[in-house]
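When we follow our numbering, the leftmost residue of the sequence shown carries the number 18, and every step to the right adds one.
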Amino acid sequence: EDDIVKVFTDTINDKINELSRIQGEYSSNRGNYRYPGENTVEETINILKPITRIKGASEFFESVSENKTLIESNMDKIKSIIDFFKGPQKKQFDDAKHSVIIYEDNKQFAGNDETLISAVKAITDILTMDEPFSNIHELPHLRENLNNILAEMYDKRSIPVVEQAKNVIEFINNEIERTKIDSLIGEK
């Protein structure tokens with residue numbers, strides 16, 4: 018029995034170490050749109066750590082049995098959380114978060130177009146889910162859509178500015194030409 022407890026304890030310690038590394042990801046991700054699963058990771062570590070300190074086999078299995086439902090429930094979630102950090106989902110999440118933050122920082126230039134607001138909401142709905150794992154694959158497409166909407170809006174809004182800049186340049190060039198002629202007349 019002691020060998021079985023040691024094998025289980027070693028396995029649990031490996032999982033705790035893996036989850037502790039993941040906790041570091043949460044520390045570096047402060048602010049809005051936090052990575053999903055932080056509470057589940059913390060709760061799982063808090064459930065598992067005391068179990069690893071138990072020395073007797075019967076007490077060990079009793080503690081595992083008492084926490085079985087919670088452990089099983091959390092382990093299903095933990096698998097998704099680990100996959101999030103090890104696979105492409107974290108990058109997709111980060112990229113979408115970055116686009117939304119840029120939008121939010123420049124909201125006054127973007128306007129209140131319903132298509133734009135809807136595109137942002139589609140992304141933020143996923144970014145703020147407790148368990149967004151099955152929806153994260155949508156983020157690259159949603160992000161591309163948001164970026165296209167913003168690019169089109171900024172292009173439309175820049176047309177008058179570009180026209181005004183061209184008019185100013187034309188005016189300056191005309192004034193330069195006119196003053197050259199005037200100065201040539203004055204020299205003769």
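The C-beta atom is built at its ideal place from N, Cα and C for all residues, glycine as well.
Taking the alpha helix (DSSP H) that S80 falls in, what are its first and last residues?
-> Segment 74-83, the alpha helix (DSSP H) holding S80.
Tell me which same chain residues have a C-beta within less than 6 angstroms of the C-beta of L65, skipping the five on either side of it?
-> I29, I33, listed in sequence order.
Counted within 10 angstroms of its Cβ, other Cβ atoms place E143 as buried (16 or more) or exposed = Going by the sequence as given, residue 143 is Ile instead of Glu. I143 is buried by the Cβ-count criterion.
Output the distance between the C-alpha atoms of I140 and R174, rounded to the nearest integer angstrom.
-> Distance between the alpha carbons of I140 and R174: 24 angstroms.
Can you tell me which of the three DSSP states M170 falls into?
-> If DSSP states are grouped into helix, strand and coil, M170 belongs with the helices.
Whole-number beta carbon distance between I95 and T57, since they are thought to touch under 8 angstroms = Sure, about 7 angstroms apart at Cβ, within 8 angstroms.
From what residue to what residue does the alpha helix (DSSP H) around G48 run?
-> Note, G48: premise wrong, no alpha helix (DSSP H); not H, not E.
Below 8 angstroms CB to CB, which residues in the same chain sit around M170 once its five sequence neighbours on both sides are set aside?
-> Taken in chain order, the residues that qualify are A127, G128, D130, L133.
Extent of the continuous alpha helix (DSSP H) run through I134 | Run containing I134: 131-144, per the alpha helix (DSSP H) assignment.
If we ignore side chains and look at the alpha-carbon of each, how far apart do L159 and R38 end up?
-> Taking the straight line joining both Cα atoms gives about 30 angstroms.
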